[in-house]
Structure formats: C-alpha cells, structure tokens
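Protein chains: 2
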Amino acid sequence: MLQNGIAKSVLNRLPLYLEYLIDLKEIEGYTGYVSATKIATDLELGEVQVRKDLAFVCKSGKPKLGYNLDALTERIKEYLGCNEPKKAIIVGLGKLGSALFGYEGFEKYGIHIVEGFDLENKEYEHIPIKKFNKENLKEFLKNESIDIGIICVPKNVAQEVCDILVEMNISAIWNFAPIRLKVPKNVLVQNENLAYSLSVISSIITNKQ
Amino acid sequence: MLQNGIAKSVLNRLPLYLEYLIDLKEIEGYTGYVSATKIATDLELGEVQVRKDLAFVCKSGKPKLGYNLDALTERIKEYLGCNEPKKAIIVGLGKLGSALFGYEGFEKYGIHIVEGFDLENKEYEHIPIKKFNKENLKEFLKNESIDIGIICVPKNVAQEVCDILVEMNISAIWNFAPIRLKVPKNVLVQNENLAYSLSVISSIITNKQ
DNA sequence: TATTTATCGGTATAAATTTATCGATAAATA
DNA sequence: TATTTATCGATAAATTTATACCGATAAATA
Numbered sequence: 570m571l572q573n574g575i576a577k578s579v580l581n582r583l584p585l586y587l588e589y590l591i592d593l594k595e596i597e598g599y600t601g602y603v604s605a606t607k608i609a610t611d612l613e614l615g616e617v618q619v620r621k622d623l624a625f626v627c628k629s630g631k632p633k634l635g636y637n638l639d640a641l642t643e644r645i646k647e648y649l650g651c652n653e654p655k656k657a658i659i660v661g662l663g664k665l666g667s668a669l670f671g672y673e674g675f676e677k678y679g680i681h682i683v684e685g686f687d688l689e690n691k692e693y694e695h696i697p698i699k700k701f702n703k704e705n706l707k708e709f710l711k712n713e714s715i716d717i718g719i720i721c722v723p724k725n726v727a728q729e730v731c732d733i734l735v736e737m738n739i740s741a742i743w744n745f746a747p748i749r750l751k752v753p754k755n756v757l758v759q760n761e762n763l764a765y766s767l768s769v770i771s772s773i774i775t776n777k778q
Numbered sequence: 570m571l572q573n574g575i576a577k578s579v580l581n582r583l584p585l586y587l588e589y590l591i592d593l594k595e596i597e598g599y600t601g602y603v604s605a606t607k608i609a610t611d612l613e614l615g616e617v618q619v620r621k622d623l624a625f626v627c628k629s630g631k632p633k634l635g636y637n638l639d640a641l642t643e644r645i646k647e648y649l650g651c652n653e654p655k656k657a658i659i660v661g662l663g664k665l666g667s668a669l670f671g672y673e674g675f676e677k678y679g680i681h682i683v684e685g686f687d688l689e690n691k692e693y694e695h696i697p698i699k700k701f702n703k704e705n706l707k708e709f710l711k712n713e714s715i716d717i718g719i720i721c722v723p724k725n726v727a728q729e730v731c732d733i734l735v736e737m738n739i740s741a742i743w744n745f746a747p748i749r750l751k752v753p754k755n756v757l758v759q760n761e762n763l764a765y766s767l768s769v770i771s772s773i774i775t776n777k778q
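Below is the structure:
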C-alpha cells in the first residue's frame with residue numbers, strides 16, 4: 570500500500586539512510602558525492618533497492634559519481650519532515666515513558682517532546698511532570714498545538730487516554746500499550762511493542778536449534 | 570524470505586495473536602472455540618490472512634466453530650519458544666536500558682533478563698548492576714548460559730560490546746544502537762530504533778497536510 | 001433425518017516488494 | 001579527442017505477501 574505516494578517499505582528505510590548519511594559526513598568527514606553502490610555495501614542492502622529508494626525523494630543522481638551528499642541528506646530530511654518541527658507529549662511516565670521522555674535521539678528528526686503527564690506526582694530530572702487527569706490534559710491541549718501523542722500507560726487506560734487525545738484533535742498517536750486503539754480514520758496510530766520484537770528473536774533461536 | 574519455514578510477515582504477527590488470545594481468555598473469560606472471523610474483526614486484519622497465519626502453526630480448525638482457544642494459544646506459545654525459557658542480559662543501563670531491565674512484559678514470552686552491565690556503578694531498584702568491562706562480561710558469560718544480548722550502549726561502543734558477546738557464543742543480539750553491527754552469519758541481529766519509528770510518523774503527518 | 005449455516009482450508013489471483021538486466025551518461029584516463 | 005569506467009535509471013522478472021473465491025465439513029436447526 571502506498572503512503573502519500575511512497576511505498577511503505579521505502580518510507581521505513583528513509584530514516585536509516587538519513588542516519589547513515591549524517592554520520593558519513595559528521596563522523597567520517599565524507600564530502601561531495603556518494604554512490605548507491607557504497608550505501609548498499611555499508612548498509613547491507615541491495616544496490617538496486619537503494620537506487621529505487623532514493624529515486625522516490627531525489628532525482629539528482631549523476632552517472633559515475635552518485636548523489637550529492639548534502640543535497641541527498643537535505644531531501645530526505647525534508648521528506649521525513651525534520652525541517653518542520655513537531656511537538657509531542659507523553660502520557661504515562663513509567664519506566665518506558667520516562668526513558669522516551671529523556672531520549673535526545675528524537676530531536677535529530679525534528680521531534681520535541683514538550684511535556685509529560687502521569688497519574689502520580691512525579692518529576693523528571695527535577696522538572697515536575699504534569700498531573701494526568703482528563704481536565705488537565707484537555708486544558709493543556711487546548712492551549713498548545715501538539716502533533717503527536719505518545720501513549721505509555723497500562724493497557725486498561727490506553728483507550729481512555731487515546732479518546733482524550735483524539736477529542737483534542739491530535740494528528741498521530743504512538744502507542745506502546747499492547748492494545749488495538751479505536752480511532753477515527755483521520756488519526757494515525759502507530760503501534761510499537763518491544764515485547765513482540767523480542768518474542769520474534771526468541772522464536773527464531775528456538776526453531777533454529 | 571522464509572525464516573525456518575515460516576514467512577517473516579507471519580512470524581511478526583504471531584505475538585499479536587498470542588497477546589490477543591491470552592486476553593480473550595483471561596480478561597473476557599472466553600472459552601472453547603474462537604474463529605478466524607472473530608480474530609480478524611477484533612485485530613482489524615483480513616479474515617483469510619488470519620486463517621493462513623494460523624495454518625502455519627496449527628492444523629486444528631473446525632468448520633462452523635473455529636479453533637480451540639487453549640490449543641491454539643498453546644501452539645503459538647510453543648512456536649514462539651515461550652515454553653523454552655531464554656536468558657538475556659542488557660549492556661548499557663542508560664534510560665532505555667534501565668526501562669527494558671525493569672520491564673515485566675517480556676516474561677510472558679519466556680524471556681528473563683537476568684543481569685545488567687554498565688560502565689558506571691549503578692543500581693537498579695537497590696540491586697547493584699554489574700560493572701561493565703571486557704573481563705567482567707566475559708567471565709560472566711563463561712559461567713552463565715545466556716541466549717540473548719541486548720545492546721543499549723552509545724553507538725561508538727556498540728561494536729566492541731557486540732564482539733565480546735559474539736566471542737562468548739551468544740545466539741542473538743537485540744541492538745538499540747543506531748549502527749549496523751558486524752557479526753558472523755550464525756549470529757542473529759535484530760535492530761531496533763525507536764527514533765526511526767517516530768520519524769516515520771512525523772513523515773506521514775508532514776506529507777498529509 | 002434433511003436442511004441450513006458458519007467456518008475451514010485449498011486453489012487461484014492480485015498487489016507489493018525485491019532483484020536482475022542493460023543501455024545511457026558523465027567523469028576519468030589514455 | 002577517443003576510450004574506458006563507474007554509476008544511474010528504466011524496463012523486466014522473480015519473489016514475497018495479501019486477498020478473493022469456493023467446495024468441503026461439522027455443528028445447529030427445522
């Protein structure tokens with residue numbers, strides 16, 4: 570299925586390319602042009618696949634040279650929306666929520682986690698976390714323009730939190746609760762489940778022996 | 570590509586089915602038989618897809634009724650290796666590492682995180698974390714049989730940690746460092762990057778408006 | 001007991017994704 | 001300037017994944 574004209578599979582690889590290209594410049598001091606051949610070798614992907622992927626966002630490949638590193642990087646950033654900063658909030662500051670709240674790695678992609686909400690009175694690195702209740706959250710979302718809601722609450726509360734976010738016109742939800750959230754079609758839900766990933770690993774090594 | 574005779578796409582959905590089936594029994598009190606039709610509706614998947622997926626692990630579907638809930642649950646558990654407990658360690662007890670270390674959700678899939686290692690002297694809920702250095706880690710892995718290594722260190726140390734794990738014959742690595750680890754073919758590496766997932770969300774909402 | 005019904009599971013088809021092939025092209029080299 | 005070379009980008013083929021269709025079947029119902 571195509572997502573805004575780009576294949577899902579391609580979109581999922583774009584952040585990988587971006588990370589790679591940024592490191593290529595910043596860590597390895599690479600400048601000028603980079604070929605699909607090199608990218609493919611380094612990332613252990615097919616050469617043709619890389620070329621096709623890049624063709625989705627960038628039309629500037631030159632025979633014999635490859636792609637202009639800076640231009641390519643910029644085009645992927647643009648496509649991924651890194652240049653249009655987004656605001657996110659986290660609801661549920663348990664272990665995982667707190668880890669995400671403090672993670673600096675999202676900034677690179679233009680995403681700022683601006684606030685956290687929790688049922689209990691908590692603080693994060695001496696900054697008090699906002700108390701979670703329906704009124705509080707609604708009030709906050711009324712005044713701030715938030716793009717992404719990150720749900721890190723237990724599964725029995727997740728739908729309730731989701732409903733508030735939807736009611737306040739959030740664009741997207743990143744859901745860590747192991748539950749299928751019910752939302753209107755115009756709201757994007759991305760489910761993330763770390764236990765599932767680990768379970769897949771466990772399965773593969775179980776069936777290998 | 571098939572992974573031990575099962576399609577990758579199918580394997581990735583099995584934990585989802587398992588979670589669903591467990592909840593169906595434990596939370597909703599469901600007993601007896603469950604049909605692919607019901608599963609598909611609840612999980613918002615195609616009915617045929619569910620039937621095909623289940624056919625990979627279970628041959629016991631009955632017309633008009635569906636699958637025996639307990640038998641199906643058991644077969645998926647078996648396939649995912651939940652019945653053959655695995656031991657894992659985490660290297661790197663930063664925010665994310667600590668969150669994973671304390672996460673109870675893995676037990677359901679038969680995975681026990683038995684130890685954590687960090688460069689700094691840390692403790693987790695009053696239990697001291699082992700000091701990470703090459704000798705320490707090697708010594709530990711020599712005495713304990715560990716199946717899965719979880720890498721949560723910064724990217725510039727990740728390969729070094731990986732090499733130690735490989736040297737000590739680990740079966741699988743779950744890698745949270747945004748770097749492509751070099752390992753021999755017999756070692757399974759599963760990369761996980763939360764920033765990538767979030768970036769994809771950001772991209773979709775950017776290009777929608 | 002005959003009929004209806006819901007669902008399974010096999011075969012066939014379609015869609016998405018990956019991989020292969022190759023002529024065209026721009027730079028590097030002779 | 002002619003030739004060689006590495007890479008792009010288009011077209012085609014192969015593979016993987018998802019969906020459609022339908023006869024067979026076991027339970028429920030008449």
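Taken in sequence, the protein lines are chains Y and B.
Following this note's numbering, the numbering of the first sequence begins with 570 at its first residue and continues without gaps.
Following this note's numbering, the numbering of the second sequence begins with 570 at its first residue and continues without gaps.
Beta carbons are placed, not taken as given, at the ideal position from N, Cα and C, and that holds for glycine.
All values reported here derive from a predicted model rather than from experimental measurement.
Buried or exposed: GLY598 of chain Y, going by 16 or more other Cβ atoms within 10 Å of its Cβ?
exposed
_Runs of beta strand (DSSP E) lying entirely within the stretch 679-739 of chain B, each at least 3 residues, in chain order_ = 680-687 and 717-720
Worksheet item: Which residues of chain B have a Cβ atom closer than 8 Å to the Cβ of PRO584 of chain Y, listed in chain order?
Response: ASN762, ALA764, TYR765, SER768 and VAL769
As assigned by DSSP and simplified to three states, the class of LEU657 of chain Y
Checking the displayed sequence, the identity of residue 657 of chain Y turns out to be Ala instead of Leu. DSSP places ALA657 of chain Y in strand when its eight states are reduced to three.
**Study point:** Supposed close pair GLN759 of chain Y, SER578 of chain B - CB separation, criterion 8 Å
**Key:** Actually they do not touch by this definition, with Cβ atoms about 18 Å apart.
In whole angstroms, give me the CA-to-CA distance for SER714 of chain Y and SER772 of chain B. 18 Å
* Give a yes or no on whether the minimum CB-CB distance between SER667 of chain Y and chain B is below 8 Å. => Taking Cβ atoms only, chain B reaches closer than 8 Å to SER667 of chain Y, which makes this a yes.
Quiz prompt | C-alpha distance - LYS777 of chain Y paired with VAL619 of chain B, whole-angstrom precision | solution = 24 Å
Listed by chain order, chain Y residues near GLY674 of chain B by CB distance under 8 Å:
In chain order: PRO747, LEU763 and ALA764.
Self-check item: is_contact[GLY685 of chain B, chain Y] using C-beta, thresh 8 Å
Solution: no
- Query: Can you name the start and end residues of the beta strand (DSSP E) that ALA746 of chain Y belongs to?
  - Reply: Note, ALA746 of chain Y: premise wrong, no beta strand (DSSP E); not H, not E.
task = Indicate the three-state DSSP secondary structure (helix, strand or coil) for VAL854 of chain Y in the structure shown.
result = No statement about residue 854 of chain Y is possible, as the shown extent of chain Y runs from 570 to 778 and does not include it.
message = Looking at LEU583 of chain B: is its Cβ nearer than 8 Å to the Cβ of LEU649 of chain B?
response = Note that the C-beta distance between LEU583 of chain B and LEU649 of chain B is below 8 Å.
- prompt: Going by other Cβ atoms of all chains shown within 10 Å of its Cβ, with 16 needed for buried, is LEU634 of chain B buried or exposed?
  reply: exposed
Checklist line | Residue environment, ASP622 of chain B, which counts as buried when at least 16 other CB atoms sit within 10 Å | finding: buried
(Q) To the nearest angstrom, how far is the alpha carbon of HIS681 of chain B from that of ILE720 of chain B? (A) 15 Å
| request: Starting from the Cα of ASP687 of chain Y, find the closest Cα among Y:PHE670, Y:LYS677 and Y:GLY679 and give me that residue. | output: Y:PHE670
Three-state secondary structure assigned by DSSP to LEU763 of chain Y
Of the three classes helix, strand and coil, the one that applies to LEU763 of chain Y here is helix, per DSSP.
**Prompt:** Is LEU649 of chain Y helix, strand or coil by DSSP?
**Reply:** LEU649 of chain Y falls in the helix class under three-state DSSP.
What does the alpha-carbon distance come out to for the pair ASP639 of chain B and MET737 of chain Y? Here the alpha carbons of MET737 of chain Y and ASP639 of chain B stand approximately 41 Å from one another.
| query | With burial defined as no fewer than 16 other Cβ atoms inside 10 Å of the residue's Cβ, what is the status of ALA624 of chain Y: buried or exposed? | reply | exposed
query: The alpha helix (DSSP H) spanning LEU781 of chain Y covers which residue range?
result: Beyond the ends of chain Y as shown, which are 570 and 778, falls residue 781 of chain Y; an answer cannot be given.
>> Short of 8 Å in beta carbon distance, which residues of its chain neighbour TYR602 of chain Y, apart from the five on each side in sequence? Order them along the chain.
In response: LYS631, LEU634, GLY635, TYR636, ASN637 and LEU638
Cβ contact (3+ pairs, closer than 8 Å) linking the stretch 652-672 of chain B and the stretch 658-669 of chain Y = yes
Checklist line | Residue range of the alpha helix (DSSP H) that includes ASN670 of chain B | finding: The amino acid occupying residue 670 of chain B in the given sequence is Phe; Asn does not appear at that position. Per DSSP, PHE670 of chain B belongs to the alpha helix (DSSP H) from 664-670.
| Opening and closing residue of the alpha helix (DSSP H) in which LYS607 of chain Y lies | Taken as a continuous stretch (DSSP letters only), the alpha helix (DSSP H) holding LYS607 of chain Y covers 605-612.
Distance check for GLY674 of chain Y and GLN572 of chain Y, CA to CA, integer angstroms please.
GLN572 of chain Y and GLY674 of chain Y have their C-alpha atoms roughly 25 Å apart.
So ASP750 of chain B and ALA764 of chain B are in contact, right, with Cβ under 8 Å, and what is the actual spacing, rounded? The residue you asked about is not Asp; residue 750 of chain B is Leu in the sequence shown. Rounded, the Cβ-Cβ distance is 17 Å, inconsistent with contact.
Checklist entry - Relative to chain B, which residues along the stretch 714-740 of chain Y have a C-beta separation below 7 Å, given in chain order? => result ASP716, ILE717 and SER740
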